[in-house]
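The structure under discussion appears below in the form of C-alpha cells.
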Amino acid sequence: KQGDYRLLICPDHPTFLRTKTHSHGDCPFAMCGTGVAVNAPATYDEVAAAASDIAFPEGHRLMEHFLSRAGLST
57 KQGDYRLLIC
67 PDHPTFLRTK
77 THSHGDCPFA
87 MCGTGVAVNA
97 PATYDEVAAA
107 ASDIAFPEGH
117 RLMEHFLSRA
127 GLST
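Throughout the sequence shown, residue numbering follows this note's numbering, covering 57 to 130 in sequence.
Here is the structure:
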C-alpha cells in the first residue's frame, strides 16, 4: 500500500495567452491526494480560476489549506 500523499500544482502569477504578459488576478491551481475532495472544472486556466467559488487571495492561505488535514473536503 502507498502512504498518504498530496500534490499541489499552481503558478505564481497569471499569464494570459492572449497578451503573453504577467498579470494580477486569480491563478488556477490543482490539488489531489489523501483527503482532497473532487472538484474538477472543465479547464485549468485563469478564466476557470476567476469563475471558481474556491479562491485564496493570499498565497499563504492556499498553502495552509493544502497542508491542513481537511483539504478541500471541508
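We put the CB at the ideal spot given by N, CA and C, even for glycine.
From residue i to residue j, what distance separates their C-alpha atoms?
i	j	result
THR71	TYR100	13 Å
ARG117	ALA105	16 Å
HIS78	LEU64	21 Å
ILE110	GLY89	18 Å
GLY59	THR75	42 Å
Contact criterion: CB-CB distance below 7 Å. Does residue i meet it with respect to chain B?
i	result
ALA105	In the structure shown, chain B does not exist; there is a single protein chain.
Check for me: the beta strand (DSSP E) holding residue i runs from which residue to which?
i	result
ARG117	First-last for ARG117: 115–123, but that is the alpha helix (DSSP H), not the beta strand (DSSP E).
ALA86	86–89
Below 7 Å between beta carbons: does that hold for residue i and residue j?
i	j	result
PRO97	CYS83	no
PHE122	MET87	yes
Under 6 Å from any heavy atom of the ligand HEM, does the C-beta of residue i make it?
i	result
ALA107	The ligand content of the structure shown is nil, which means the ligand HEM is not present either.
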